[in-house]
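Colleague: Here the sequence shown is numbered in this note's numbering, starting from 401 and rising by one per residue.
Think of the CB as a built atom: it goes at the ideal place given N, C-alpha and C, for glycine as much as any other residue.
Provided herewith is a single structure, encoded as structure tokens, for subsequent inquiry.
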Amino acid sequence: MTENKHDVIDLTAEDIVAWYVADREHVQDMAEANFGRRLSDQEIKRILCAFLEEAKPRGLLIEALLAAIEDAMENSDGQWNCYDAHQEGKPCPTCDRK
Numbered sequence: 401m402t403e404n405k406h407d408v409i410d411l412t413a414e415d416i417v418a419w420y421v422a423d424r425e426h427v428q429d430m431a432e433a434n435f436g437r438r439l440s441d442q443e444i445k446r447i448l449c450a451f452l453e454e455a456k457p458r459g460l461l462i463e464a465l466l467a468a469i470e471d472a473m474e475n476s477d478g479q480w481n482c483y484d485a486h487q488e489g490k491p492c493p494t495c496d497r498k
């Protein structure tokens, strides 16, 4: 893994569908609020590995992705109509945004 701060993920690339980015301060705030202390530098470095290799975090990522897929597939009450219109560059019939 590279630690080059100039590495960029093109979030507009068609093959990038979902992502979650948590900066160091956000992670530290979450650690302190939920576990009573901030993380060491070594613990911070372990987080990416834990997401990729440990069963519980990886499973939760998969569960979150599956929940998002299910939500994206469900549009029976039209909750995605406004989003879809904006993605297509069309005005939404239910909001003031153009």
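#1: Compute every distance between the C-beta of Pro457 and the non-hydrogen atoms of the ligand GTP, then say whether any falls below 8 Å.
#2: I'd like the list of long-range same chain contacts for Met401, defined as Cβ closer than 6 Å, with 5 residues on each side in sequence excluded.
#3: Among residues of its own chain, excluding the 5 on either side of Gln479, which ones have a beta-carbon nearer than 6 Å to its beta-carbon?
#4: Express the C-alpha separation of Glu453 and Val421 in angstroms, rounding to a whole number.
#5: Helix, strand or coil, according to DSSP, for Asp415 in the structure here?
#6: Select from Asp423, Arg458, Gly436 and Glu463 the residue whose C-alpha is nearest the C-alpha of Lys445.
#7: Please report how far the alpha carbon of Leu466 lies from the alpha carbon of Trp419, in whole angstroms.
#8: Pro457 to Ala464, Cα distance in whole Å?
#9: From Arg437 to Glu443, what does the alpha carbon distance come to, in whole angstroms?
Modeller: Checking against the coordinates, here is how it stands:
#1: The ligand GTP is absent from the structure shown, which contains no ligand whatsoever.
#2: With a pLDDT of 44 at Met401, under the threshold of 50, the predicted position of this residue should be treated as unreliable, and no value is reported.
#3: none
#4: 18 Å
#5: coil
#6: Asp423
#7: 13 Å
#8: 10 Å
#9: 12 Å
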